[in-house]
Every structure is written in structure tokens, then in C-alpha cells.
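Chemist: For the record, the sequence lines run as chains A and B. Taking our numbering, the leading residue of the first sequence gets 241, the next gets one more, and so forth. Taking our numbering, the leading residue of the second sequence gets 3, the next gets one more, and so forth.
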Amino acid sequence: MNELLRLSALELGRKIQTGEVSAAEAARASLDKINGSELGAYITVSEDWAMTQAAAVQAKISEGALQSPLAGVPAAIKDNICTLDVKTTCASKILGDFHPPYNATAVDRMAQAGAVVLGKTNMDEFAMGSTSETSYYGPTRNPWNRGHVPGGSSGGSAAAVANGEAFYALGSDTGGSVRNPASFCGVTGMKPTYGTVSRYGLIAYASSLDQIGVLARTAEDCAGVLDTITGHDVRDSTSLNIPADGLLAGLTGDVRGLKIGLPAECFGDGLEKEVGDHVLAAAAVLKSLGAETETFSLPLTAYAVPAYYLIACAEASSNLSRFDGVKYGFRAEGCTDMADLHKKTRSQGFGREVQKRIMLGTFALSTGYYDAYYKKAQQARAAISGAYHAAFEKYDLIVCPVFPDTAPALGEALTDPLKTYLSDIYTVSVNLAGLPGISVPCGFDEKGLPIGTQIIGKALDDGRVLNAAHAYQQATDYHKAMPTEGGAQA
Amino acid sequence: MNWETVIGLEVHVELSTKSKIFCSCITAFGGDPNTHCCPVCTGMPGTLPVLNHQVVTYAMKAGIALNCDITRYTKFDRKNYFYPDLPKAYQVSQLYLPICVNGSVPIETAAGHKDIRIHEIHMEEDAGKLIHDAWADATKTDYNRCGVPLIEIVSEPDFRSAEEVLAYLEKLKSTLEYLDVSDCKMQEGSMRADINLSVREAGTSEMGTRTEMKNMNSFKAIGRAIEYEAKRQIEVIAEGGRVIQETRRWDENKDASFAMRSKENAQDYRYFPEPDLPPVEIDDLWFNQVKASLPEMAEQKRARYVADYALPEYDAGMITGQKALADFFEETVAGGSAPKEVANWIMGDLLRILKDKGIEARDMAMTPARLGRIIALIDEGKLNRNKGREVFEALFDSDADIDAYVKEHDLIQISDEGAIATSIAEILAENQKTVDEYKSGKTKVFGFLVGQTMKALKGKADPSVINAILKELLDS
Numbered sequence: 241m242n243e244l245l246r247l248s249a250l251e252l253g254r255k256i257q258t259g260e261v262s263a264a265e266a267a268r269a270s271l272d273k274i275n276g277s278e279l280g281a282y283i284t285v286s287e288d289w290a291m292t293q294a295a296a297v298q299a300k301i302s303e304g305a306l307q308s309p310l311a312g313v314p315a316a317i318k319d320n321i322c323t324l325d326v327k328t329t330c331a332s333k334i335l336g337d338f339h340p341p342y343n344a345t346a347v348d349r350m351a352q353a354g355a356v357v358l359g360k361t362n363m364d365e366f367a368m369g370s371t372s373e374t375s376y377y378g379p380t381r382n383p384w385n386r387g388h389v390p391g392g393s394s395g396g397s398a399a400a401v402a403n404g405e406a407f408y409a410l411g412s413d414t415g416g417s418v419r420n421p422a423s424f425c426g427v428t429g430m431k432p433t434y435g436t437v438s439r440y441g442l443i444a445y446a447s448s449l450d451q452i453g454v455l456a457r458t459a460e461d462c463a464g465v466l467d468t469i470t471g472h473d474v475r476d477s478t479s480l481n482i483p484a485d486g487l488l489a490g491l492t493g494d495v496r497g498l499k500i501g502l503p504a505e506c507f508g509d510g511l512e513k514e515v516g517d518h519v520l521a522a523a524a525v526l527k528s529l530g531a532e533t534e535t536f537s538l539p540l541t542a543y544a545v546p547a548y549y550l551i552a553c554a555e556a557s558s559n560l561s562r563f564d565g566v567k568y569g570f571r572a573e574g575c576t577d578m579a580d581l582h583k584k585t586r587s588q589g590f591g592r593e594v595q596k597r598i599m600l601g602t603f604a605l606s607t608g609y610y611d612a613y614y615k616k617a618q619q620a621r622a623a624i625s626g627a628y629h630a631a632f633e634k635y636d637l638i639v640c641p642v643f644p645d646t647a648p649a650l651g652e653a654l655t656d657p658l659k660t661y662l663s664d665i666y667t668v669s670v671n672l673a674g675l676p677g678i679s680v681p682c683g684f685d686e687k688g689l690p691i692g693t694q695i696i697g698k699a700l701d702d703g704r705v706l707n708a709a710h711a712y713q714q715a716t717d718y719h720k721a722m723p724t725e726g727g728a729q730a
Numbered sequence: 003m004n005w006e007t008v009i010g011l012e013v014h015v016e017l018s019t020k021s022k023i024f025c026s027c028i029t030a031f032g033g034d035p036n037t038h039c040c041p042v043c044t045g046m047p048g049t050l051p052v053l054n055h056q057v058v059t060y061a062m063k064a065g066i067a068l069n070c071d072i073t074r075y076t077k078f079d080r081k082n083y084f085y086p087d088l089p090k091a092y093q094v095s096q097l098y099l100p101i102c103v104n105g106s107v108p109i110e111t112a113a114g115h116k117d118i119r120i121h122e123i124h125m126e127e128d129a130g131k132l133i134h135d136a137w138a139d140a141t142k143t144d145y146n147r148c149g150v151p152l153i154e155i156v157s158e159p160d161f162r163s164a165e166e167v168l169a170y171l172e173k174l175k176s177t178l179e180y181l182d183v184s185d186c187k188m189q190e191g192s193m194r195a196d197i198n199l200s201v202r203e204a205g206t207s208e209m210g211t212r213t214e215m216k217n218m219n220s221f222k223a224i225g226r227a228i229e230y231e232a233k234r235q236i237e238v239i240a241e242g243g244r245v246i247q248e249t250r251r252w253d254e255n256k257d258a259s260f261a262m263r264s265k266e267n268a269q270d271y272r273y274f275p276e277p278d279l280p281p282v283e284i285d286d287l288w289f290n291q292v293k294a295s296l297p298e299m300a301e302q303k304r305a306r307y308v309a310d311y312a313l314p315e316y317d318a319g320m321i322t323g324q325k326a327l328a329d330f331f332e333e334t335v336a337g338g339s340a341p342k343e344v345a346n347w348i349m350g351d352l353l354r355i356l357k358d359k360g361i362e363a364r365d366m367a368m369t370p371a372r373l374g375r376i377i378a379l380i381d382e383g384k385l386n387r388n389k390g391r392e393v394f395e396a397l398f399d400s401d402a403d404i405d406a407y408v409k410e411h412d413l414i415q416i417s418d419e420g421a422i423a424t425s426i427a428e429i430l431a432e433n434q435k436t437v438d439e440y441k442s443g444k445t446k447v448f449g450f451l452v453g454q455t456m457k458a459l460k461g462k463a464d465p466s467v468i469n470a471i472l473k474e475l476l477d478s
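1. How should P309(A) be labelled, buried or exposed, when 16 other C-beta atoms within 10 angstroms of its C-beta is the threshold for buried?
2. What number of angstroms, rounded off, separates the C-alpha of A312(B) from the C-alpha of K342(B)?
3. Taking the alpha-carbon positions, what's the A328(B) to K77(B) distance?
4. Can you grab the Cα-Cα spacing for the pair T607(A) / K513(A), in whole Å?
5. I123(B) and A164(B) - do their beta-carbons sit closer together than 7 Å?
6. Residues in the stretch 78-104 of chain B with C-beta within 7 Å of chain A's C-beta atoms, listed in sequence order?
7. Check Y408(A) in the structure and name its three-state DSSP category.
8. Under the assumption that A315(A) contacts A406(A) (Cβ atoms under 8 Å), give the Cβ distance between them as a whole number of angstroms.
9. Are any of the Cβ atoms in chain A nearer than 7 Å to that of V393(B)?
10. State yes or no: is the beta carbon of V52(B) nearer than 7 Å to at least one beta carbon in chain A?
11. Rounded to a whole number of angstroms, what is the C-alpha to C-alpha distance between H115(B) and L476(B)?
12. Are the C-beta atoms of R597(A) and some chain B residue less than 7 Å apart?
13. Given a limit of 7 Å on CB to CB distance, which residues of the stretch 555-586 of chain A reach chain B?
14. Please classify Y275(A): is it buried, with 16 or more other beta-carbons within 10 angstroms of its beta-carbon, or exposed?
15. Considering only residues of the same chain and omitting the five flanking positions on each side of Y718(A), which have a CB-CB separation below 6 Å?
16. Could you tell me which residues DSSP pairs with H411(B) in its beta bridges?
17. Check whether the Cβ of R244(B) lies closer than 7 Å to any Cβ atom in chain A.
18. Could you have a look at W289(A) and say whether DSSP puts it in helix, strand or coil?
19. By a C-beta neighbour count over all protein chains shown, 10 Å radius and 16 as the cutoff for buried, is D34(B) buried or exposed?
20. Do I551(A) and V639(A) have their C-beta atoms closer together than 7 Å?
21. Run through the stretch 596-654 of chain A for me and flag every whole alpha helix (DSSP H) of 4 or more residues, listed as ranges in chain order.
22. Taking just the CA atoms, how far does P370(B) sit from K409(B)?
23. If you follow the alpha helix (DSSP H) that A367(B) is part of, which residue opens it and which one closes it?
24. Would you mind sorting A331(A) into buried or exposed? The rule is 16 or more other CB atoms within 10 Å of its CB.
25. DSSP on A730(A), reduced to helix/strand/coil?
26. Beta-carbon separation of Q454(B) and I429(B) under 7 Å?
27. Measure how close the beta-carbons of I696(A) and L675(A) come, nearest whole angstrom, since I'm counting them as under 8 Å.
28. Using the Cα positions of A524(A) and T533(A), report the straight-line distance between them to the nearest angstrom.
29. Under the assumption that V292(B) contacts K63(B) (Cβ atoms under 8 Å), give the Cβ distance between them as a whole number of angstroms.
30. Over the uninterrupted beta strand (DSSP E) stretch that includes P503(A), give me the two end residues.
31. 7 Å is my cut-off, CB to CB: does L132(B) come that close to chain A?
32. L250(A) and A269(A): beta carbons closer than 7 Å?
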């Protein structure tokens with residue numbers, strides 16, 4: 241592998257600023273890696289566009305007009321985030337050849353900071369899944385073992401970063417879709433506080449839970465990218481109007497005196513021992529660095545998964561209604577009337593998982609069921625937020641697993657969908673409560689598959705979450721490991 | 003059996019904000035298809051709504067003027083249904099916490115005074131339009147209207163006749179025009195009414211099964227439709243049948259309504275809170291600013307016209323009934339014309355001409371300055387009243403200069419006593435028989451002689467001068 245590809249995004253950014261490496265060289269190296277890859281991390285590789293951006297960014301850097309720490313660094317964007325004139329498919333047949341006439345705000349901000357976008361990454365269709373197997377364009381494979389999934393739904397982004405096919409990537413996290421694939425692929429994945437990164441241009445799955453996040457090699461890289469894309473956006477009414485503080489500048493690596501809580505409910509039944517041991521070991525590292533750790537009870541954990549699926553599917557059933565074959569994307573042939581057009585287009589255009597969630601959500605919102613399902617789920621959501629609020633009165637951070645196990649084999653998760661839904665238990669409550677959470681590589685299981693530890697903070701405490709992850713990465717090397725070409729640890 | 007008709011109304015009104023409710027596209031009516039839209043109002047994937055706060059202000063104005071309580075913590079909800087004119091397949095509306103509740107609208111009919119209760123007013127976005135091309139066997143969508151802000155004013159079922167419904171609609175229209183929050187043009191669809199109607203035996207309190215007629219867009223059609231539908235339901239019941247709860251379409255050409263869809267398999271709109279828009283909190287500052295910004299309304303103006311200008315109650319009521327008329331009146335008075343004189347012009351010629359032409363006061367070309375000039379010419383003795391009325395009517399739609407027109411058409415009043423006396427002498431000579439009748443005591447013929455003189459002077463003479471000279475000659 242080209243040694244350049246082993247650098248972190250910020251390391252590469254520094255070399256580009258000093259002239260040691262050119263933006264074009266970096267882009268070329270990444271594109272070569274992508275072209276030689278069989279992971280299926282990308283849906284669309286925009287080679288010409290990438291090289292054009294690299295040239296333009298390089299010119300500005302050479303003039304001294306662009307000093308952003310990530311200028312010229314090649315990046316990838318999940319294919320549910322709109323990019324002007326590059327097709328955006330959500331990994332669905334129904335969006336087909338959809339070319340958005342606008343950029344997502346996060347993409348605009350990346351462009352201003354001199355990012356070089358390589359292409360659009362694969363994902364579960366409409367971000368619904370935790371394995372990236374439901375993509376209409378075929379599954380993405382785990383770079384550590386091709387027979388396993390990369391996690392999801394931002395599986396393409398995670399696999400690309402892990403495999404040197406991008407230095408960082410944007411993902412989206414509705415119930416764990418950044419943190420889960422980060423843990424499966426051994427990269428760092430940060431889901432910031434709801435409302436800090438504009439959702440404008442992120443094709444909605446569940447509006448009240450969706451948040452754009454970052455997958456990168458290090459917590460530092462995540463902080464650097466978030467500094468670029470965070471901030472109030474007048475086009476997103478749910479975006480918070482608070483000053484975007486310097487997350488990168490705030491990384492001290494000092495966790496002395498921090499109180500870290502370990503929820504007992506997250507280390508009980510259903511958790512693979514190997515995973516639990518590694519997460520506890522990670523907590524011990526933080527303790528050795530001066531933090532205090534303590535086990536406590538986080539109530540209502542059991543309600544998080546049902547509340548999440550009801551709310552997410554309800555919102556999805558409405559958000560995805562616009563894909564009706566009338567305006568853009570796929571339209572079924574041979575329709576007899578309007579209702580037939582809607583029915584055939586949606587039956588043929590959406591995959592099974594998406595259809596299942598639309599039906600679930602439609603049911604939950606129906607007259608006579610609304611109070612029993614949607615309303616009750618919102619009450620559970622409020623109670624879960626309350627439980628977190630109470631926990632953060634006592635603790636600065638919470639540490640727990642990301643997923644009960646390491647990456648399942650391809651096809652395995654689809655055979656037991658209920659078990660797969662329940663496996664989201666450690667990630668979904670963070671979305672329900674709108675909190676920041678990060679997945680940090682903390683080792684490998686005996687099959688050689690990566691394990692992640694999750695660090696959760698209170699709302700707007702993104703800096704503290706990143707700093708704890710950074711401190712951990714200063715003390716450990718798990719994040720530096722990269723898979724070999726064949727899919728084993730190097 | 004005596005029957006009672008029970009009617010409730012849902013009135014949709016497009017607000018006249020410059021931009022749409024959730025994006026910055028213009029709200030202007032018409033335009034080439036799909037030229038007033040953007041990714042947001044066409045519901046492109048990934049786009050998000052941003053509330054135009056002017057819409058909330060306008061809705062609040064309407065609510066305060068219609069005696070509603072304002073909901074200080076108000077939220078939007080999604081109403082989900084598939085239709086090609088609704089690009090997101092949901093309409094952002096309000097179900098759980100509408101902006102205004104519990105209002106009332108006083109109306110006057112031949113039966114007397116009545117207060118119609120308002121259940122709620124909510125804010126929502128309009129949908130686009132489908133254009134069916136019968137020749138090409140195709141239907142096309144025009145999204146220009148998507149996202150135009152609407153308020154829906156929902157009444158309680160308080161109406162018992164078409165007359166009450168029409169009085170209420172006139173009152174709503176007038177109120178919203180005074181507030182300048184809507185142009186209320188029914189023919190352009192900026193005001194449209196859904197009529198919920200049922201019948202029951204007079205004196206009973208239980209409601210009958212109702213039908214709904216949607217998107218009625220003329221007062222005439224509404225009056226006819228109510229009468230037709232009440233009669234139809236009574237006939238159904240009288241024949242032992244049962245009224246079916248359904249939506250009916252009024253066909254203006256056939257003067258009849260037809261069943262569209264049964265409510266028994268009605269759509270489930272699956273309302274839920276709109277997650278893309280935070281709740282709107284109306285603080286005291288905002289509320290008080292809006293309240294203080296309400297203009298003088300019809301009732302207040304009417305009282306003032308009676309008190310300050312000594313107008314009859316009836317005239318004051320007619321003039322203030324339409325904001326455009328009241329504005330016209332006040333501006334003409336402000337230009338120096340006598341209020342009573344201006345009121346007479348409006349009550350007489352102006353309203354008659356509008357009716358003849360079938361146009362509304364707000365659309366007329368006649369300006370206060372031009373009426374003021376005609377009144378001034380009469381006051382100055384340069385134009386007699388009849389000629390003045392002719393000029394007013396002739397130039398009603400034009401912007402030609404009044405003085406130039408009067409001069410060009412040789413309409414200046416003849417006040418020269420010598421010229422008038424000469425004419426009178428000729429008339430008297432030609433009508434010796436009539437003169438004799440007058441002298442024998444049939445003084446009624448005086449008018450005929452005045453008329454003949456006026457005619458000889460082509461209607462331009464000062465009638466008071468004719469009167470004086472004629473009287474002098476005849477009585478001498």
C-alpha cells in the first residue's frame with residue numbers, strides 16, 4: 241500500500257500545507273486504492289471531479305489562500321448526503337439517477353475548507369440497517385475480513401476509511417449508523433450532538449434522530465472535520481444557533497478527574513464476553529490516565545430499541561412518501577392510473593427492509609394506534625432523555641459497548657432481523673436523547689475483527705467526548721492498525 | 003315536518019406574504035408553470051422547511067381580529083396523503099396546537115344579530131395544481147402554488163341558512179382585507195370554502211349525517227349549493243332514505259352536486275408532529291406588537307363616520323363594508339371634498355357603476371383625486387351635477403384628464419343669465435299652451451319648462467339660474 245495512505249487526515253493536511261505532498265498526489269493515491277479495491281465501499285467514484293478539485297485546492301494552497309488543516313485531503317461522502325451534480329442514490333433503486341441541484345450544507349462547508357471529494361459511499365438503503373447489505377448496489381465488505389459485513393448504515397464510509405480509500409468520510413447516524421460501522425471496521429466514528437451539523441441536504445430517514453457524523457482514523461481527525469462542518473445553518477430550523485467552538489484546538493488529552501460512568505445494563509445479558517472485556521479494558525486505560533470510573537444503573541435501557549424503531553419508522557413512513565415516481569428517480573412502467581403508479585413505483589423501487597419499515601411506521605401512526613405506539617414511544621423517549629440527564633448530573637462521560645458482538649458474517653444478520661434490531665441497544669438511546677457519542681477502536685476479537693468502545697457525553701459536550709477519545713488514542717495503538725490487502729491485520 | 007339546516011364552514015385563505023411559508027419563493031398568483039418554485043417547496047430530498055415568521059404574524063392578526071385566543075406555544079404537524087400536487091406527499095399543517103382557538107364573528111342578517119363561533123384557525127401550506135391535458139392524454143403538475151401560506155378558519159356548526167353563511171363570508175373577507183393579510187380573491191382561489199351541511203327536524207338537538215362540499219369559490223355558487231344540498235338531504239330522508247357521509251362536488255353548470263367519495267372509507271392522514279420545525283413560541287413582545295399593529299377595523303370606522311361626518315348609519319355601514327370603499331372615501335375627503343358629498347357619490351353612482359360592470363371596488367381605475375376634481379368643478383360652478391355624473395361614468399375606467407375632457411366635450415356650465423334668459427324666452431314662445439296652463443294654476447308644468455330649457459342648452463346650464471329666471475318671467 242502507498243505509505244501516504246497510512247497517514248491520518250491531519251498529518252496529510254500538514255504535508256500538503258508544507259508542500260511535501262500535493263493535493264493531486266494524495267487524490268491519485270486514494271483513487272488508485274479505490275480502483276484496486278473489491279470492498280464495494282463506493283457507489284459512485286467521481287475521479288474527474290476529484291482531480292479537478294485537487295487542482296483548484298492546490299492552486300489556492302500554493303497562493304497561501306487556503307490554510308485549513310484539511311485542505312487538499314481526499315474524503316468520501318455517504319450517498320444519502322446531497323452533492324451538486326453528482327448523483328445521490330441513498331443506495332436505492334427508487335432514486336435511480338437523481339442528481340440533486342444543490343449541495344448539502346456540510347458538503348458546501350467541506351468544499352470551502354478545501355476538501356477533495358472522491359465519491360459517494362455505499363450504505364444500507366435509505367440508511368436503514370446496520371450491515372450495509374441492503375444496498376441496491378450490492379453489499380460492502382469488511383476490509384478486515386471479506387466474509388463479514390462492515391456494519392451500517394454508513395458501512396461504505398467506514399470501510400473506505402479503514403482501507404485507505406479515503407482519509408475521512410461523512411456518514412449519518414440515526415440509531416448508530418456512524419458508530420456501529422466504525423466499531424466493525426476499526427475506525428473512529430463520531431456522532432455529534434443533534435443540531436450541531438446542519439441536516440440540510442441529508443436525505444431524511446428519521447428527521448428527529450438523523451445527524452451527520454464523521455468517520456476517520458483518529459479522534460483528532462474527527463474534531464478537525466467537525467470544526468469544518470459544524471455551525472448554525474439558516475436552512476435547517478433544527479440546527480442550533482450556538483458558536484461552533486474549536487474542537488480540535490480543545491483536545492488536551494487530559495482526562496484527570498473526569499468521572500466516567502459504566503451503565504451496568506450495558507454489560508449484562510447478550511453482550512459477547514470478548515467485546516465486554518475489551519470495553520472494560522478501555523475504561524481501565526482512561527482510569528489509568530486519571531479518570532474515575534464507576535458502575536451505575538441507567539434505567540429504561542430496555543425501552544430504547546422499541547421506542548427507537550417506532551419513532552424512526554413513523555418518521556420514515558412520512559419522509560419517504562415523496563418518492564412516488566412523479567417528480568424524479570425511478571418510475572414503474574405500465575401503470576393504469578395514479579394510485580397504480582404510486583403502488584408499482586414504490587413496490588418495485590424500495591427494497592424489502594425499507595418497505596418493512598415504511599409499513600411499520602404507517603401502522604404506528606394510524607388512527608387508533610397512534611396513542612398506543614407513536615405517542616407512547618415519545619413518552620419513552622422523554623423518559624430515556626431524563627435518565628441520561630440524571631446520569632450526567634453525576635458523571636461527565638458514559639462508557640459502554642457500541643454493539644454486542646463484532647461484525648457478523650455476510651447474510652447472517654438478515655436471517656434474524658429481530659435479533660439484529662435488538663443489537664442496536666447500545667447506540668439508539670444516544671439518538672433518542674440527541675447526545676454526542678463516539679466509537680473508538682479498542683482491540684480485536686480472536687477472529688481478528690475490530691471492537692469499538694463507545695464514549696457518550698451530555699448534549700453539547702462534544703469536546704469532552706472527543707478529548708477522552710483522543711486521550712485514549714494517545715495511550716493506545718488500536719486506531720493505527722490497518723487491514724492488509726487480503727483482509728487480515730497488518 | 004319542519005326542517006332545520008345545520009352548516010359549518012372551513013374557509014381556506016391564502017395569506018398575502020411576499021414569500022412562501024417555508025422558502026423564499028414568491029407567492030404571486032399565476033406565472034408560467036413551475037417558475038415560482040425551488041428545491042424546498044417542491045419537496046426535493048434532503049431539503050428542509052424554514053418558517054416565514056410573517057405567516058405567524060398574519061395568522062395572529064386574523065385571530066385577534068376574529069376574537070380568538072392566540073396559542074402562545076404553537077406547533078406544526080404533518081398531514082400525510084399521496085397526491086401528485088403535493089410533492090412531499092404530506093402537507094405541513096397544524097392539528098394539535100393551532101395558532102388560534104375559540105373566536106367569534108358577529109353577523110347581521112334579516113333575522114337579526116348573531117355570533118358565529120370559530121373553533122380554530124390553523125396555518126398550513128397550499129398544494130400545487132394538476133393540469134389535465136385532454137388532447138395529449140396527460141396530466142402535468144404546476145408547483146407554483148406549493149407552499150403558499152394558508153390559514154384555515156374552522157367555524158362551529160352555527161349556521162342555519164345560506165344567508166348567514168354569506169353574511170359570515172362577507173364579514174371574513176372584509177376583515178381580512180382590512181388587516182391586509184389576504185386579497186381574498188375567490189376567483190383566483192385565494193379564498194375558498196368547504197361546506198359541511200346536515201339537516202334535522204327543527205327543535206331537535208342531535209346532528210344529522212353531514213356531507214361536505216369542497217373548494218367552493220364563488221358566493222353565488224355557495225348560496226346555490228347550500229339550498230340544493232339542504233333540499234336534497236330533506237328529500238332523501240322524506241323518502242325514507244339515509245344521508246350518506248360523503249364528499250360532494252358542486253357543479254356550477256349543472257346547478258347540482260354529485261357524490262365524490264364516501265367518508266366511510268376515508269383517508270387516514272396519520273398526523274404527527276413535524277420534526278423538521280421547532281415549536282413557535284409567541285412572547286409578549288411579539289404578541290403586543292401584532293396587537294398594536296391592527297388597523298382601524300370596519301366597526302370602528304363606521305362609528306367614526308357617523309360621529310365625525312354625520313353620515314347615516316346605513317351609508318357608513320355600506321362604505322366601511324369594503325376596505326377599498328372606505329379607503330376611497332377617506333382619501334377623497336382628505337383631498338378636500340365634503341364627506342357627505344363623497345358618501346353620496348359612492349352610495350349612488352359609484353356602487354351602481356361597479357355593479358353594472360361586475361367589478362370590485364379594489365379593482366376599479368377611478369381614483370379619489372379624480373372624483374375630488376369632479377366634485378370641485380361642480381362646487382366651483384364649472385360643471386352642473388348631471389354633467390358631472392356623466393363625466394364620472396364616462397371616465398370611470400380611464401385616466402384621461404378631467405378638465406381636458408370637460409373642455410374638449412364642451413361641458414362647461416352655462417351660468418350667463420343673458421344667454422339663459424334668451425333661451426327661456428324662446429322656449430316660452432314655443433310653448434304658449436303650457437305657459438297658459440301654468441298661469442291657470444297648473445304649476446306642475448314648471449318642471450317641463452325647466453327641462454326644455456336645459457335641453458336647449460344641451461344640459462349644461464346652471465339649473466338654479468334657469469329656475470330663478472323662469473320663475474320671474476312666469477310669475478310676473
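Positions of the beta carbon are idealized from the N, C-alpha and C atoms, including for glycine.
Modeler: Taking the geometry as given:
1. Walking along the first sequence from the start, residue 309(A) turns up at place 69. By the neighbour-count rule (16 or more Cβ atoms within 10 Å), P309(A) is buried.
2. Counting from one through the second sequence, the residue named residue 312(B) turns up at place 310. Counting from one through the second sequence, the residue named residue 342(B) turns up at place 340. If you take the alpha carbons of A312(B) and K342(B), they lie about 8 Å apart.
3. Counting from 1 along the second sequence, the entry for residue 328(B) is found at position 326. Counting from 1 along the second sequence, the entry for residue 77(B) is found at position 75. Near 37 Å, if we compare the C-alpha coordinates of K77(B) and A328(B).
4. By one-based count along the first sequence, residue 607(A) stands at place 367. By one-based count along the first sequence, residue 513(A) stands at place 273. Cα to Cα, T607(A) sits roughly 44 Å from K513(A).
5. Taking the first residue of the second sequence as position 1, residue 164(B) is located at position 162. Taking the first residue of the second sequence as position 1, residue 123(B) is located at position 121. Not in contact: A164(B) and I123(B) (Cβ atoms no closer than 7 Å).
6. Correct list: R80, N82, F84, P86, P89, K90, A91 and Y92.
7. Locating residue 408(A) in the first sequence gives position 168, where the first residue counts as 1. Correct three-state label for Y408(A): strand.
8. As a position in the first sequence, residue 315(A) is number 75, starting the count at 1. As a position in the first sequence, residue 406(A) is number 166, starting the count at 1. Indeed, because the Cβ distance is near 6 Å, the residues count as touching under 8 Å.
9. Residue mapping note: residue 393(B) aligns to position 391 of the second sequence, counting from 1. No, V393(B) does not count as interfacial toward chain A.
10. Taking the first residue of the second sequence as position 1, residue 52(B) is located at position 50. Judged by the 7 Å Cβ criterion, V52(B) is in contact with chain A.
11. Sequence index remark: in the second sequence, residue 115(B) carries index 113 (1-based). Sequence index remark: in the second sequence, residue 476(B) carries index 474 (1-based). Rounded to the nearest angstrom, the two C-alpha atoms are 56 Å apart.
12. Along the first sequence, read from residue 1 onward, the residue named residue 597(A) stands at position 357. Not closer than 7 Å to any Cβ of chain B, the Cβ of R597(A) fails to qualify, so no.
13. E555, S558, S561, R562, D564, V566, K567, M578 and H582
14. Indexing the first sequence from 1 puts residue 275(A) at position 35. One point to set straight first is that residue 275(A) is Asn, not Tyr, in the sequence displayed. Exposed is the call here.
15. Looking up residue 718(A) in the first sequence gives position 478. If we look at Y718(A) and ignore the five residues flanking it on each side, its Cβ neighbours are P681, C682 and G683.
16. Reading the second sequence from its first residue, position 409 is the one you call residue 411(B). H411(B) is not bridged by DSSP to any residue.
17. Taking the first residue of the second sequence as 1, we reach residue 244(B) at position 242. It does not; no Cβ of chain A falls within 7 Å.
18. On the first sequence, residue 289(A) is found 49 positions in, with the first residue counted as 1. Looking at W289(A) - three-state DSSP - the assignment turns out to be helix.
19. If you number the second sequence from 1, residue 34(B) lands on position 32. By the 10 Å Cβ count, D34(B) comes out exposed.
20. One-based indexing of the first sequence puts residue 551(A) at position 311. One-based indexing of the first sequence puts residue 639(A) at position 399. No. Outside cutoff.
21. Fully enclosed alpha helix (DSSP H) runs of 4 or longer: 616-634.
22. In the second sequence, residue 409(B) corresponds to position 407, counting from 1. In the second sequence, residue 370(B) corresponds to position 368, counting from 1. One C-alpha to the other measures close to 21 Å.
23. Along the second sequence, one-based indexing puts residue 367(B) at 365. Segment: none, A367(B) is in no alpha helix (DSSP H) and carries neither H nor E.
24. Stepping through the first sequence from its first residue, residue 331(A) is reached at position 91. A331(A) comes out buried.
25. Within the first sequence, numbered from 1, the residue matching residue 730(A) stands at position 490. For A730(A), the predicted model reports a pLDDT of 42, less than 50, meaning its position is unreliable; a value from the coordinates is still stated below. A730(A): coil per DSSP, three-state reduction.
26. For the purposes of this step, residue 454(B) is taken as the residue at position 452 of the second sequence. For the purposes of this step, residue 429(B) is taken as the residue at position 427 of the second sequence. Yes, the pair counts as a contact, with Cβ atoms nearer than the cut-off.
27. In the first sequence, counting from the first residue as 1, residue 696(A) sits at position 456. In the first sequence, counting from the first residue as 1, residue 675(A) sits at position 435. Yes, I696(A) and L675(A) are in contact; Cβ-Cβ is about 6 Å, under 8 Å.
28. Walking along the first sequence from the start, residue 524(A) turns up at place 284. Walking along the first sequence from the start, residue 533(A) turns up at place 293. For A524(A) and T533(A), the distance between alpha carbons rounds to 8 Å.
29. For the purposes of this step, residue 292(B) is identified with residue 290 of the second sequence, where counting begins at 1. For the purposes of this step, residue 63(B) is identified with residue 61 of the second sequence, where counting begins at 1. Yes, V292(B) and K63(B) are in contact; Cβ-Cβ is about 6 Å, under 8 Å.
30. One-based indexing of the first sequence puts residue 503(A) at position 263. Segment K499 to P503, the beta strand (DSSP E) holding P503(A).
31. Reading the second sequence from its first residue, position 130 is the one you call residue 132(B). It does not; no Cβ of chain A falls within 7 Å.
32. Locating residue 250(A) in the first sequence gives position 10, counting from the first residue. Locating residue 269(A) in the first sequence gives position 29, counting from the first residue. No, these two residues do not count as a Cβ contact at 7 Å.
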